[in-house]
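The structure appears right after this line, and notes come after that.
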Ligand code: NAD
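Numbering (our numbering), first residue to last: 24 to 429.
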């Protein structure tokens, strides 16, 4: 990310002082989280919340629970959120949080007590106008419900807009679950138009079959794309004539893995990335397209559903080969966009139909794609650098207009 930030800042001619402002988080909080465990013993966990930049609005970003959470990672992810929110032009800055713990070893009661005490530790910097967390790795709707309740009990009124990714019964948004996959589908459609290609003549390889990959594949299948391969953590399945994605997803639900799907060949998910196709959608995890395999990628277009699936070295190789990469901060921003809609609905106290959510998402994704494309044409650079230019320009312009408070 530092390379992309610097390349974009150079193109913009951003002065060194402003670069330093944008490199540094606005605020970092570390809290000790004492919790009485089920066995009666007291344990102290560590939690972080980093607010990278709040000049465009409240901070937005997930909270993850994992043994390897660390401040450097949380910091980097919070900056990523600043750029993602700015690319789709939603009025949020970036934030991220985490608690060092192993959720597989914790009971529901322990998880609830950790969440409530962590929330109370960072409560002063939270709020619908300050910082609005969301679920991330190993946290979910229930975690957000506990967080919302803890915050509400402290401020003595129900404040649903303090988190997004909540259950619909507690002020969650319709369409949030599908939002990232739907956003992937919209940007893919816009990119195809640019290349003069049509969905029915487009073979797609999807890596990952979870919230982003699985839902993205289902929506793209419905639009007429030929999904020739999809994978999960155990491996990939392939059928050059196209897979019946609803049947694949039903098989996955029933068996817990894709392997064994009738009529499909099996291969590793790494090998699937190199299959003949027009579009590749890495939607599983980071660092999947590297200097080791980039040369063999056959897709003309890569839509980054996951965060950071392409390394810097691979980016250079792909650019030389003329492969268009729609970067993560644009391609998977559908999720944060519908989180923004959730916050808006909570504040209005008026809830949209799913159709309204989806149409509004489409408008934002189509505009964001066009904005990034226009910057790429203006600066003659990749869509990734263009997305960073657009984001940094939006954040730094607001910063300059507001001036430095002294
Ligand atoms: P998920 O847990 O729902 O699904 C992950 C999928 O990837 C699973 O199918 C898993 O089996 C598969 N997988 C894991 N390792 C794999 C490998 N090496 N090869 C092939 N498949 C593998 O997660 P998700 O929510 O779909 O998130 C996927 C990525 O998208 C992550 O990078 C996440 O940060 C990013 N993202 C998610 C959202 C969102 O709204 N869910 C938003 C923005 C970005």
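Where is the CB? At the ideal position from N, CA and C, for every residue including glycine. These figures come from a predicted structure and were not determined experimentally.
Contact check, residue i vs residue j, beta carbons under 8 Å
i: residue 120; j: residue 199; result: no
i: residue 296; j: residue 253; result: no
i: residue 327; j: residue 356; result: no
i: residue 312; j: residue 294; result: no
i: residue 307; j: residue 350; result: no
i: residue 262; j: residue 251; result: yes
i: residue 181; j: residue 175; result: yes
i: residue 304; j: residue 207; result: yes
i: residue 419; j: residue 146; result: no
i: residue 218; j: residue 390; result: no
i: residue 62; j: residue 105; result: no
i: residue 249; j: residue 239; result: no
i: residue 380; j: residue 196; result: yes
i: residue 222; j: residue 201; result: no
i: residue 113; j: residue 359; result: yes
Length of the line joining the Cα atoms of residue i and residue j
i: residue 269; j: residue 64; result: 48 Å
i: residue 51; j: residue 142; result: 15 Å
i: residue 427; j: residue 402; result: 29 Å
i: residue 99; j: residue 285; result: 42 Å
i: residue 433; j: residue 227; result: This structure gives no information on residue 433, because the portion of the chain shown stretches from 24 to 429.
i: residue 118; j: residue 81; result: 9 Å
i: residue 225; j: residue 301; result: 6 Å
i: residue 115; j: residue 68; result: 29 Å
i: residue 74; j: residue 148; result: 9 Å
i: residue 83; j: residue 56; result: 22 Å
i: residue 290; j: residue 171; result: 43 Å
i: residue 59; j: residue 393; result: 52 Å
i: residue 155; j: residue 287; result: 43 Å
i: residue 139; j: residue 169; result: 7 Å
i: residue 383; j: residue 205; result: 12 Å
i: residue 66; j: residue 129; result: 12 Å
i: residue 47; j: residue 408; result: 20 Å
i: residue 321; j: residue 331; result: 19 Å
i: residue 220; j: residue 211; result: 11 Å
i: residue 277; j: residue 230; result: 20 Å
i: residue 191; j: residue 163; result: 13 Å
i: residue 237; j: residue 272; result: 7 Å
i: residue 93; j: residue 108; result: 23 Å
i: residue 325; j: residue 144; result: 41 Å
i: residue 413; j: residue 386; result: 18 Å
Heavy atom of the ligand ZN within 7 Å of residue i beta-carbon
i: residue 256; result: With respect to the ligand ZN, the structure offers nothing, as its ligand set consists of the ligand NAD.
Check: residue i C-beta below 7 Å from any heavy atom of the ligand NAD
i: residue 309; result: yes
i: residue 236; result: yes
i: residue 282; result: no
i: residue 53; result: no
i: residue 397; result: no
i: residue 230; result: yes
i: residue 203; result: yes
i: residue 355; result: yes
i: residue 93; result: no
i: residue 161; result: no
i: residue 224; result: no
i: residue 328; result: yes
i: residue 420; result: no
i: residue 294; result: no
i: residue 63; result: no
i: residue 84; result: no
i: residue 40; result: no
i: residue 36; result: no
i: residue 409; result: no
i: residue 306; result: yes
i: residue 144; result: no
CB contact check: residue i to chain C, cutoff 8 Å
i: residue 215; result: The chain inventory of the structure shown lacks chain C, comprising one protein chain alone.
Cutoff 7 Å; reference residue i; Cβ partners in own chain excluding five residues on either side
i: residue 340; result: 314, 317, 318
i: residue 126; result: 88, 134, 161
i: residue 342; result: 405
i: residue 78; result: 116, 418, 421, 422, 425
i: residue 44; result: 422
i: residue 159; result: 85, 86, 87
Nonlocal neighbours in the same chain, by C-beta distance under 6 Å from residue i, ignoring five residues either side
i: residue 362; result: 157, 187
i: residue 184; result: 151, 366, 369, 370
i: residue 259; result: 252, 290, 292, 295
i: residue 298; result: 228, 252
i: residue 153; result: 81
i: residue 216; result: none
i: residue 194; result: 183, 369
Next item on the list: Please list the segments of the alpha helix (DSSP H) lying wholly inside the region 270–355, counting only runs of 4 or more residues, in order along the chain.
Entry: 292–295, 335–344, 351–354
Notebook entry, point to check: Enumerated in chain order, which unbroken segments of the alpha helix (DSSP H) with a length of 4 residues or greater are wholly contained in the region 40–114?
Noted result: 94–110
Margin query: In chain order, what are the residue ranges of uninterrupted beta strand (DSSP E) at least 3 long that sit wholly in the region 366–412?
Written below: none
Checklist line | Inside the region 184–266 only - alpha helix (DSSP H) runs reaching at least 4 residues | finding: 202–218, 236–245
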